[in-house]
Structures are given as C-alpha cells and as structure tokens.
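Chains as they are written, first to last, in my numbering: chain A, 58 to 215; chain B, 58 to 215. In this text, a Cβ means the ideal position worked out from N, Cα and C, and glycines have one as well.
Protein chains: 2
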Amino acid sequence: MEMPIRVSRDFAAKYADASSSATECAMNLARTGDLVLGRVVSALQPLEISPAGGLVLGILKDAGEPCPPNYISERLIVSRATVTGVLDTLVKRGLVRREPHPTDRRMVLVHLTKAGSRMADTVRRTVHRGEADWMGPLSEHERAQLTELLGKLQRNLA
Amino acid sequence: MEMPIRVSRDFAAKYADASSSATECAMNLARTGDLVLGRVVSALQPLEISPAGGLVLGILKDAGEPCPPNYISERLIVSRATVTGVLDTLVKRGLVRREPHPTDRRMVLVHLTKAGSRMADTVRRTVHRGEADWMGPLSEHERAQLTELLGKLQRNLA
DNA sequence: GGGCGGTCGTTAGGGACCAGACTATATGGT
DNA sequence: ACCATATAGTCTGGTCCCTAACGACCGCCC
Chain A
58 MEMPIRVSRD FAAKYADASS SATECAMNLA RTGDLVLGRV VSALQPLEIS
108 PAGGLVLGIL KDAGEPCPPN YISERLIVSR ATVTGVLDTL VKRGLVRREP
158 HPTDRRMVLV HLTKAGSRMA DTVRRTVHRG EADWMGPLSE HERAQLTELL
208 GKLQRNLA
Chain B
58 MEMPIRVSRD FAAKYADASS SATECAMNLA RTGDLVLGRV VSALQPLEIS
108 PAGGLVLGIL KDAGEPCPPN YISERLIVSR ATVTGVLDTL VKRGLVRREP
158 HPTDRRMVLV HLTKAGSRMA DTVRRTVHRG EADWMGPLSE HERAQLTELL
208 GKLQRNLA
C-alpha cells in the first residue's frame, strides 16, 4: 500500500468534476483519521474499554462533578440515544452510576465510581503514550503546520 | 467550537506522558476525518446509499469485470464478513448480483448490474463535487503539503 | 390553574464494522 | 491417492452509531 494515497495524472480528465489534489487530500484525511482511531482502539483493547466509553469517563473526570447524559452527548457530538447505550455498558462494568437529579425529575446524573475514576486515569495515560509513539516522525514544526492546515479545513467543514 | 482544537499550556505538566503537540494533532486528525466522512454521508444521503456501498460500486466499476468479495475486502481494507453484509444490501437494491465462479467453486463473483453501474457514476460525481467545495480554502501548495504530512504519519501508523 | 410546546432519557429498529467459528473447496507434500 | 493446510464466503454475537417515536416532566402563557 502506498502512502500517501496518490491519484493518477489523467484522473481529472476522466472525471470532469474532480480536482485530483482535493481527492487526494480527502482520501488521505479519511484514511489517516481511521488509522488514528484504530491505534486508539488497539491501545484500549487490554483495558477492555471502548473508545466511546473512555471518552465518556474522560468527560466525567474533567467535569469534576456528576453530569446529565445530555451534557455528555453534546461534548461527544453524538446523539442522546447513543449515550444511553454507552452508559449502559459502563454501568454494567461498574465504572459509572446513574442517579436521579435532585430537582429536575426529567434528568439523570451520571456519577463516576471509584473504579471509573481510576479507569479514566489509566485510559488517558494509555492514549497519550500511544500518541507520542506514532507522532514520532513529525517534528514540532511539522505538527504545528499540520494542526494549522487541519484547522483551516475544519472551519469550512463544520 | 474552536478550530483547530487546542490544548492548554499546562497540559503536559498535568499528564506526564503527554506531548501537547501530539495530542493536538491526534484530536484534530480524528475530528477532521470524521467531518470529512460526515460530508460524504450527507452528500450521499439523497442517493440512498452508504459510503461503504458507494465505495464497493466504485471498486467494481474500476475493475471493469466481476470481482470476488475477497478482492473487495482487500481494496476496502475491511473484513470479509463486513463485505458480505454490504453486498447483501447492494443486492437487495438491485445494484449488484452474486454469481458462482466458473472454475473455483469456493468463490463468488460480484457483478455490477446496469443500475449499479449508473449508480457508481452518480456516486463518483457527487463525491467529487463535494470535495472541490470544502477543499476550497486550501491552495494547491497547501494541499500538497497536507498530503505529504499525512503520508509521513501513515507510514508509521499502518 | 390548566394546557401545551419543549426537553429529558429510553426504546425499537437498522446499518456498518469487528473477531471468531464454521463449511466447502482447493492444493501441495508425501 | 491421501491428508494437512490454506483459502473463500458466511454466520453469530458484539460494539458503536443513527433516526424516529415514545412517556415523563418542566415552564410559560393565557
């Protein structure tokens, strides 16, 4: 497999609407994002926790207090229904606890258990260790450059 | 939401194993990949086809002849089990047809139907139009730079 | 105070992905 | 010719995500 993905010179001629540089970027962006995600998944494998679950623990830990699922769904940029499912599995593993909100009876507050708090730390350490590893080949300057370029794109994409 | 995602200056101090530039890149890579995918999904929405299905049609069209699922799974970098599922839905929509391989009876050959071939063209046009749109803010030079940086990362990631 | 629209979390159902087990077939070494 | 191994496709059961449709509850406005 070549890296990065390249498209042939006569590509633009073949597909009138296509810019080969745009297509190349798009494919490589998608592929790289996927590879990054794959790294996180396999780093988390031994902890028996999913990336989504790990992110939820991190959000709870950062908040420093119990949060409603709605808040988690916004931070995760994911539907409330999905959060329900992720919380279900976290509850089953004893990392998190659901309690009714003291005043608003529509809401639930998600509490981090002792084990959940420890797991949040472990997840964070594990993920960061992985990042440092595979980001190795890029210099500080290149990293800044990459972040900058991605930022420009995100402004247009969001 | 800020773009790109930035992490605070005292981040590295807080998490001993973390390099803030690596973390920034990782988060922005994941986010950007996700946004790109989201764009493709919504561009394909009116066609009633999933990104995975669209890619399979493209692979078949490019090959110019019927292919075994195994070949598709390799091009897609996805498990054979997943290809089975994607093919099932394409078959249901009449875009693709399964036929036994003439000589190797373990294999199946996936044929593109007339409708499937037309759909492959439509998908390609739709996706390319979208790319040209959101890649707009990056100059030719910046695109090349981005592709280059992603390539370096991919070599380490794969 | 009685309704009514909006928000909360959950449920139901569906698609894309995976690992692992299973069946059928092909093939290479003896 | 025979058997071990490898390969092809599928099936099972699991996660993660979605949309749509609930029922419960809050608040505001008349």
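At what residues does the alpha helix (DSSP H) containing residue i begin and finish?
i                 : result
HIS185 of chain A : 171-191
THR141 of chain A : 137-149
LEU207 of chain A : 197-214
ASP91 of chain A  : 77-101
PRO108 of chain B : 108-120
LEU133 of chain B : 126-133
Quick one: what's got a C-beta closer than 8 Å to residue i's C-beta in the same chain, skipping five residues either side?
i                 : result
THR170 of chain B : GLY151, LEU152, VAL153, ARG154
LEU195 of chain A : LEU203
GLY187 of chain B : ARG96, VAL97, ALA100
LEU147 of chain B : GLY110, VAL113, LEU114, VAL153, GLY173
CYS124 of chain A : ILE116, LEU117, LEU166, VAL167
HIS158 of chain A : PRO125, MET164, VAL165, LEU166
By the 10 Å Cβ neighbour count, where 16 or more other Cβ atoms means buried, how is residue i classified, buried or exposed?
i                 : result
ALA79 of chain B  : buried
GLY193 of chain B : exposed
ALA100 of chain B : buried
GLU81 of chain B  : buried
THR183 of chain A : buried
ARG163 of chain B : exposed
ASN127 of chain B : exposed
PRO61 of chain B  : buried
HIS185 of chain B : buried
THR160 of chain B : exposed
How is the beta strand (DSSP E) around residue i delimited, first residue to last?
i                 : result
PRO157 of chain A : 153-157
Which same chain residues, not among the five before or five after residue i, have their C-beta less than 6 Å away from its C-beta?
i                 : result
SER130 of chain B : ARG137, VAL140
Closer than 7 Å to a non-hydrogen atom of the ligand COA - does that hold for the CB of residue i?
i                 : result
GLY142 of chain B : Among the ligands in the structure shown, none appear at all, so the ligand COA cannot be discussed.
Inter-stretch contact at 8 Å, needing at least 3 Cβ pairs: the segment 174-194 of chain B / the segment 97-112 of chain B: yes
Touch test, the segment 130-145 of chain A against the segment 84-96 of chain A, Cβ-Cβ under 8 Å, three pairs minimum: no
Interface residues of the segment 79-105 of chain A facing chain B [CB-CB below 7 Å]: ALA79, THR80, GLU81, CYS82, ALA83, ASN85, LEU86, ALA87, ARG88, THR89, GLY90, ASP91, LEU92, VAL93, LEU94, ARG96
Selection of the segment 170-192 of chain B by Cβ proximity to chain A, strictly under 7 Å: ARG181, ARG182, HIS185, ARG186, GLU188, ALA189, TRP191, MET192
Chain A contacts from the segment 193-210 of chain B (Cβ-Cβ distance under 8 Å): GLY193, PRO194, LEU195, GLU197, GLU199, ARG200, ALA201, GLN202, LEU203, THR204, GLU205, LEU206, LEU207, GLY208, LYS209, LEU210
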